[in-house]
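Notes follow once the structure below has been shown.
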Amino acid sequence: MTPSPSSAAPSGRFVRRLGPHHFAYLRACAEGLDLADCARRYLGIEHGHEARTAHQEAVDAVRAVARRQGDTAWRLVGLTIRAPQGTPRPSLDAFAQQHGLDGFSESEVLKLYTEAFPLDRQAARGQRLRERQLTLLRRLEGLAAETPQPTDLVAGWFDEALAAKLVTAGLLTLGALNARISAGGRWFAALPAVGIAKARRIERHLTTLLPRETQPTKPLFALSATPALFGAPSPARASHASGAQTDGAPSDLVVQEVTSAALARPLLNVNSDLEAVQSWIQARAGSLATARVYQRDAHRLLLWLQYECRGATLAQMSVSDCGAFMAFLQHIPPRWISRARAAPGTPGWAPFRGQLSHGSCRQSITIIASLFAWLQSAQYLSANPWVLVNQLTGDDPGKKMLDTKAFSEAAMLEVLRFVDVQAPSPSTARIRFTLLFVEAVGLRSAELLSATLGDLRMEPEGWVMQVRGKGSKNRLAAVPGQALAALQEYLAVRGLGSVQEAPPEAPLLASSLDPMEPVGYQALYEHVKGWLAKAVRASNLPANERDRLAGATTHWLRHTFGTRAIARQVPLDVIQAQMGHASIQTTTAIYGRAPIQRRVDELGKAFG
Numbered sequence: 012m013t014p015s016p017s018s019a020a021p022s023g024r025f026v027r028r029l030g031p032h033h034f035a036y037l038r039a040c041a042e043g044l045d046l047a048d049c050a051r052r053y054l055g056i057e058h059g060h061e062a063r064t065a066h067q068e069a070v071d072a073v074r075a076v077a078r079r080q081g082d083t084a085w086r087l088v089g090l091t092i093r094a095p096q097g098t099p100r101p102s103l104d105a106f107a108q109q110h111g112l113d114g115f116s117e118s119e120v121l122k123l124y125t126e127a128f129p130l131d132r133q134a135a136r137g138q139r140l141r142e143r144q145l146t147l148l149r150r151l152e153g154l155a156a157e158t159p160q161p162t163d164l165v166a167g168w169f170d171e172a173l174a175a176k177l178v179t180a181g182l183l184t185l186g187a188l189n190a191r192i193s194a195g196g197r198w199f200a201a202l203p204a205v206g207i208a209k210a211r212r213i214e215r216h217l218t219t220l221l222p223r224e225t226q227p228t229k230p231l232f233a234l235s236a237t238p239a240l241f242g243a244p245s246p247a248r249a250s251h252a253s254g255a256q257t258d259g260a261p262s263d264l265v266v267q268e269v270t271s272a273a274l275a276r277p278l279l280n281v282n283s284d285l286e287a288v289q290s291w292i293q294a295r296a297g298s299l300a301t302a303r304v305y306q307r308d309a310h311r312l313l314l315w316l317q318y319e320c321r322g323a324t325l326a327q328m329s330v331s332d333c334g335a336f337m338a339f340l341q342h343i344p345p346r347w348i349s350r351a352r353a354a355p356g357t358p359g360w361a362p363f364r365g366q367l368s369h370g371s372c373r374q375s376i377t378i379i380a381s382l383f384a385w386l387q388s389a390q391y392l393s394a395n396p397w398v399l400v401n402q403l404t405g406d407d408p409g410k411k412m413l414d415t416k417a418f419s420e421a422a423m424l425e426v427l428r429f430v431d432v433q434a435p436s437p438s439t440a441r442i443r444f445t446l447l448f449v450e451a452v453g454l455r456s457a458e459l460l461s462a463t464l465g466d467l468r469m470e471p472e473g474w475v476m477q478v479r480g481k482g483s484k485n486r487l488a489a490v491p492g493q494a495l496a497a498l499q500e501y502l503a504v505r506g507l508g509s510v511q512e513a514p515p516e517a518p519l520l521a522s523s524l525d526p527m528e529p530v531g532y533q534a535l536y537e538h539v540k541g542w543l544a545k546a547v548r549a550s551n552l553p554a555n556e557r558d559r560l561a562g563a564t565t566h567w568l569r570h571t572f573g574t575r576a577i578a579r580q581v582p583l584d585v586i587q588a589q590m591g592h593a594s595i596q597t598t599t600a601i602y603g604r605a606p607i608q609r610r611v612d613e614l615g616k617a618f619g
């Protein structure tokens, strides 16, 4: 019988709340099970040093309960009772099987077992102490154990360091944490030093705390083809649609009189709303990126009609349905949200990854209204309810005017300083190039990803880059000295030599594993966002500046270009042409500070 680590001086830390899992943990320890295994199973703790600390806290807290009750046996809590070393004893079942006692009662087998393996005094005393220990723990559990509730603060149920990370990420209660985890995906991305393995332990521990918290069952979101307004296509049209071919010119060509009914036939060869939407996308989307956005928003509407409107069709949408869908977009129900990495139409997938921003909601409404206008023009719909709806959503009340989501010069210097002190690697070289190049050129993410070295060329005016921009429009972007120097350095790290020597088919931005392999949007997004988040956390920037930059993404670098160009007196028309804005009004609306400056100056003269 030896004292456990709990016999040492109290650690000064305490378990804020005691749950049934703490007492289950202490009972398992009392039974002689390994402390680390018990901590992993009942407390959600993996590492040995954390297990020892958690053990001490649990023991101190339960002993304090016993002392407050005036129980003189409080020292039994956490006491490790060692079994005496001796001849190994078989289990009761093994003993019965070994001696052919299958027909004997349990009491008879137990009596024979005790005669064969009598307990010595030390073992008997240890067994009595263990039974007293377990009885004490069961009694104290009835007095002190609390059942965790979704409204409980995480600080009461997680260790101090982890609770601080959860609170910083806005996860104040067990219910909030449960909801975030239920949404799926990388819910732990905002928690510093928490990876997939630690996140899974947090999830398992939360399941221990809230065993009765069942997640709402999400519907299996999958589109079913809805019937079109017009019936099945004519045999000739069906034959054409199926790709049927003849072995030459038709032998029996019949010239039929064109009737008024024939003139009124629909312009679309479709049999469902889903096919009509696909025709619209093919006809109107000028690029793959636009097609994806159109498909996403249109499919969300079709799913809404299918699951919230009992399978209504596009033709059955009324003015009130339009208003209901707008309200739906502004407040997405939880069952429609999932961050799980699942393919559309499979279990775990949902149409939304979170609540829509004000701008995303407005864009979605504009796209849907455009869809209905086109379908009416194509004679697929006889009426368009969206023309009777006020589609204006107003401005985002949470958006600060003149805040362009850009890095200040001081913030950019801090980020670059952080990158420069890291160990050299392909990842470090890529983030440094991305920061310096986009800040000086102002490309969109899609433009950066699709560019190759062959798009750059030296003209009499200087280095330029041909860009395939939004709406599949080509433009020439100037490549200033900062961008060119960053590119030369990046190419050297990739082993491609200078811009003039490198293969023209090489991607401008490459995989960290293969200098000739391009990267995708998601990889770029996570790469830049991860580096920026680490750099901002490690910076000496003011707290409010760090908070503002916490969610910075690749697009912030484009805004940084526009903001920096305005601050350095670059004319608005030059910025418009470089960034590929459709009109100078767009550039002025985002970056133009001259009107507000004039207003401040003139009113300052009048009112001091």
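Residue numbering for the sequence shown is 12 to 619, as defined by our numbering. For glycine and all other residues, C-beta sits at the position ideal for the given N, C-alpha and C. These figures come from a predicted structure and were not determined experimentally.
Could you tell me the alpha carbon to alpha carbon distance between Trp-168 and Pro-31, rounded to whole angstroms? For the pair Trp-168 and Pro-31, the Cα-to-Cα distance works out to about 12 Å.
At the level of alpha carbons, what is the spacing between Ile-376 and Arg-211? Straight-line Cα distance between these residues: approximately 38 Å.
Helix, strand or coil for Asn-548 per DSSP? Reading off the sequence, residue 548 comes out as Arg, not Asn. Taken through DSSP and simplified to helix, strand or coil, Arg-548 comes out as helix.
Find the nearest neighbour of Gly-356 within the set Ala-296, Leu-279 and Ala-233, judged by alpha-carbon distance. Its Cα nearest to that of Gly-356, the residue Ala-233 stands out among Ala-296, Leu-279 and Ala-233.
On the premise that Gly-89 lies in contact with His-216, defined as a C-beta separation below 8 Å, what is that separation, rounded to the nearest angstrom? So it is not a contact: roughly 21 Å between Cβ atoms.
Might you give, ordered along the chain, the residues of its own chain that have their beta carbon closer than 7 Å to the beta carbon of Ser-523, omitting 5 neighbours on each side? The answer, listed in chain order, is Pro-437, Ser-438 and Arg-441.
Residue from Gly-541, Arg-443, Ala-600 and Phe-618 with nearest C-alpha to His-570: Residue Ala-600 is the option with its Cα nearest to His-570.
Using DSSP's beta-bridge definition, name the partner residues of Thr-184. In the DSSP output, where bridge partners are listed per residue, Thr-184 has Leu-164.
Tell me the residue span of the alpha helix (DSSP H) that contains Arg-197. No residue range can be given for Arg-197, since it is assigned to no alpha helix (DSSP H) and is classified by DSSP as neither H nor E.
What separation, rounded to the nearest whole angstrom, lies between the Cα atoms of Ala-77 and Ala-50? Distance between the alpha carbons of Ala-77 and Ala-50 is about 22 Å.
Output yes or no for whether 8 Å exceeds the beta carbon distance between Gly-591 and Val-478. Going by C-beta atoms, Gly-591 is nearer than 8 Å to Val-478.
Excluding the five sequence neighbours on either side, which residues of its own chain have a C-beta within less than 8 Å of the C-beta of Ala-617, listed in chain order? Excluding residues within five positions, none has a Cβ falling inside 8 Å.
Could you tell me which residues DSSP puts in a beta bridge with Gly-473? Glu-470, per the DSSP bridge assignment.
Three or more C-beta pairs closer than 8 Å, one from the region 557 to 573 and one from the region 530 to 547: is that the case here? Judged by Cβ distances under 8 Å, the region 557 to 573 makes contact with the region 530 to 547, as three or more pairs qualify.
May I have the straight-line CA-CA distance separating Gly-573 from Tyr-602, to the nearest angstrom? Roughly 7 Å separates the two Cα atoms.
For the region 424 to 463, list the alpha helix (DSSP H) runs that are entirely contained and at least 4 residues long, ordered along the chain. As far as the region 424 to 463 is concerned, its whole alpha helix (DSSP H) runs of at least 4 residues are 437 to 452 and 456 to 461.
Quick check on Ala-75: does DSSP put it in helix, strand or coil? In this structure, DSSP gives Ala-75 a helical state, which the three-state scheme calls helix.
Roughly how many angstroms separate the alpha carbons of Ala-462 and Gln-160, rounded to a whole number? C-alpha separation (whole angstroms): 53 Å.
For Glu-33, which residues from the same chain have a beta carbon less than 6 Å from its beta carbon, with the 5 sequence-adjacent residues on both sides left out? According to the sequence provided, residue 33 is His. The question's Glu does not apply to it. The beta carbon of His-33 is closer than 6 Å to those of Ala-69 in its chain, skipping five residues each way along the sequence.
Using the rule of at least 16 other Cβ atoms within 10 Å of the residue's Cβ for burial, across every protein chain shown, is Ala-354 buried or exposed? Within a 10 Å sphere around the beta-carbon of Ala-354 sit fewer than 16 other beta-carbons, which makes this residue exposed.
Could you pull the DSSP bridge partners for Leu-487 from this structure? According to DSSP, which records beta bridges pairwise, Leu-487 is partnered with Gln-477.
Decide yes or no for the touch test of the region 444 to 452 against the region 498 to 510: beta carbon pairs closer than 8 Å, at least 3 of them. By the Cβ test, the region 444 to 452 is in contact with the region 498 to 510, since at least three Cβ pairs between them sit closer than 8 Å.
To which residues does DSSP link Pro-348 through a beta bridge? In the sequence on display, residue 348 carries Ile and not Pro. DSSP lists Phe-363 as partners of Ile-348.
Selected residue, minimal CA-CA separation from Glu-470, among Pro-491, Gly-480 and Ile-192: In terms of CA proximity to Glu-470, Pro-491 leads the group Pro-491, Gly-480 and Ile-192.
Does DSSP classify Ser-388 as helix, strand or coil? Helix, per DSSP.
Out of curiosity, what's the CA-to-CA distance linking Ser-550 and Asp-431? In a straight line, the C-alpha of Ser-550 is about 13 Å away from that of Asp-431.
Looking only at DSSP bridge pairs, what is Pro-518 linked to? For Pro-518, which the question treats as bridged, DSSP gives the partners Thr-463.
Range covered by the alpha helix (DSSP H) that runs through Leu-492: For clarity, residue 492 is Gly in the given sequence; the question names Leu instead. Following the DSSP letters along the chain, one finds Gly-492 inside the alpha helix (DSSP H) bounded by residues 492 to 504.
Buried versus exposed call for His-66 [16 or more other C-beta atoms within 10 Å across all chains shown]: So His-66 counts as buried.
CB contact check: Ser-594 to chain D, cutoff 8 Å: Protein chains in the displayed structure number just one, and chain D is not present.
What does the Cβ neighbour count give for Thr-620, buried or exposed, with the cut at 16 atoms within 10 Å? Nothing about residue 620 can be reported from this structure: the residues present for the chain run from 12 to 619 only.
Can you give me the C-alpha to C-alpha distance between His-342 and Gln-366, rounded to a whole angstrom? Answer to the nearest angstrom: the Cα atoms are 7 Å apart.
Do the CB positions of Ala-494 and Gly-473 come within less than 8 Å of each other? Contact: no.
Per DSSP, Leu-529 forms a beta bridge with which residues? Reading the sequence as shown, one finds Pro at residue 529 and not Leu. In the DSSP output, where bridge partners are listed per residue, Pro-529 has Ala-521.
Measuring CA to CA, which of Trp-347, Ala-287 and Leu-121 is closest to Ser-193? Nearest C-alpha to Ser-193: Trp-347.
Run the CB neighbour count on Gly-620, radius 10 Å, all protein chains shown included, and call it buried at 16 or more, exposed below. Any property of residue 620 remains undetermined from this structure, which presents the chain solely from 12 to 619.
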